[in-house]
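Position in the sequence shown (from 1) plus 598 gives the number in our numbering. Where a beta carbon is used, it is the ideal one built from N, C-alpha and C, also for glycine.
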Amino acid sequence: MPIAIVLGLVVVGSVLFHFLSPWWFTPIASNWGYIDDTINITFWITGAVFAAVVLFMAYCLLRFRHKPGRRAAYEPENRRLESWLAIGTAVGVAAMLAPGLVVWAHFIRVPAGATSVEVVGQQWQWAYRLPGKDGRLGAADTREVNDTNPLGIDPNDPNGRDDVIVQGGELHLPVGKPVALLLRSLDVVHDFFVPEFRAKMDMIPGSVTYYWLTPTRTGSFEVLCAELCGVGHPYMRGTVVVEAEADYQAWLAQQQTFEQMQAPAQTGALN
Ligand SMILES: [Cu+2]
């Protein structure tokens, strides 16, 4: 009897904790409400099953408790019960997986007209590259990395000359405009994550991974590295500022281009 009461309290406590808990999603700042929906679906299905299983155990403890003279019945097979359990489990698992597949397809299908912004992870800092006036990013390769070319932009690709480089600073994005984030790493696996955007992906050395999002709210948001990448991992932070288009353009105009970054080196070489 006391165990049955404890099990009942576990269920009541879990439900109360859910509604009273201060730990919940940060207020969303992108179009990825779908991500929250899939988490909520999984949460409600697993939560309902958890409550049902624990309450069923409590019921069994009460209903079949020891009484003098009562014998347990042995029933090794029950086809009807097994069918229902198999069907119920299959439906529950499918309901948790299927929405994720739909959202994933959306997540990696970059809409036409999205601006490409490159994010480069490196132990233990973030760098960004935005297309210049031509609207295109030049080719890049880790083999090209040197003191005046920290992101390894191909110096022979004309598309790369006007690329804007933000080294260790804030990334600014215009509100309401879709942006494709192209993710690169110069050393080990990192993961570009802004909790308010609900989107993240690993950055794999040697390849370019990507996802897209539309920032829906202005503000300043913290960037976290979401992949353990060495001793400096907890300090691999950054800031994304989402602002109105005019403010974004003003910020962009103040940034350094790849060509400007190379200029001092070239002057030095001539002397
Ligand atoms: Cu990292």
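Check	Outcome
Can you tell me whether L607 is buried or exposed, with buried defined as 16 or more other CB within 10 angstroms of its CB?	exposed
Need the endpoints of the beta strand (DSSP E) that L769 sits in, please.	L769 to P772
With burial defined as no fewer than 16 other Cβ atoms inside 10 Å of the residue's Cβ, what is the status of L870: buried or exposed?	The structure shown has nothing for residue 870, since the chain only spans 599 to 869.
Applying the criterion that 16 or more other CB atoms from any shown protein chain within 10 Å of the CB defines a buried residue, is E843 buried or exposed?	exposed
Give me the Cα-Cα distance between Q860 and G733, rounded to the nearest whole angstrom.	20 Å
Look at the alpha carbon of E820 and the alpha carbon of I685, and state the distance between them as a whole number of angstroms.	44 Å
Enumerate in chain order the residues of its own chain whose CB-to-CB distance from N629 is below 7 Å, with the five nearest sequence positions on each side excluded.	L811, T812 and T814
What is the rounded straight-line gap between the Cα of Y833 and the Cα of E742?	27 Å
Between E825 and ligand 1, is the CB less than 7 Å from at least one heavy atom?	yes
Label H616 either buried or exposed according to how many other C-beta atoms from any shown protein chain fall within 10 Å of its C-beta, with 16 as the threshold for buried.	exposed
Mark I706 as exposed unless 16 or more other C-beta atoms lie within 10 angstroms of its C-beta, in which case mark it buried.	exposed
Given the structure, does M834 come close to ligand 1, in the sense that its CB is under 7 Å from one of the ligand's heavy atoms?	yes
Give the list of continuous beta strand (DSSP E) stretches no shorter than 3 residues that lie fully inside the segment 703-729.	713-720 and 723-728
For my contact list, R759 and E825 are in at a C-beta cut-off of 8 Å; report their separation, rounded to the angstrom.	No, R759 and E825 are not in contact; Cβ-Cβ is about 32 Å, not under 8 Å.
By DSSP, does T855 sit in helix, in strand, or in coil?	strand
Could you check whether the segment 746-757 touches the segment 722-732, counting it as contact only if at least three pairs of C-beta atoms, one from each stretch, sit closer than 8 Å?	yes
Suppose you measure from the CA of V701 to the CA of W621; what does that come to, to the nearest Å?	24 Å
On the three-state DSSP scale, how would you describe G836?	strand
Can you give the beta carbon distance from I637 to E794, rounded, assuming they're within the 8 Å contact cut?	No, I637 and E794 are not in contact; Cβ-Cβ is about 15 Å, not under 8 Å.
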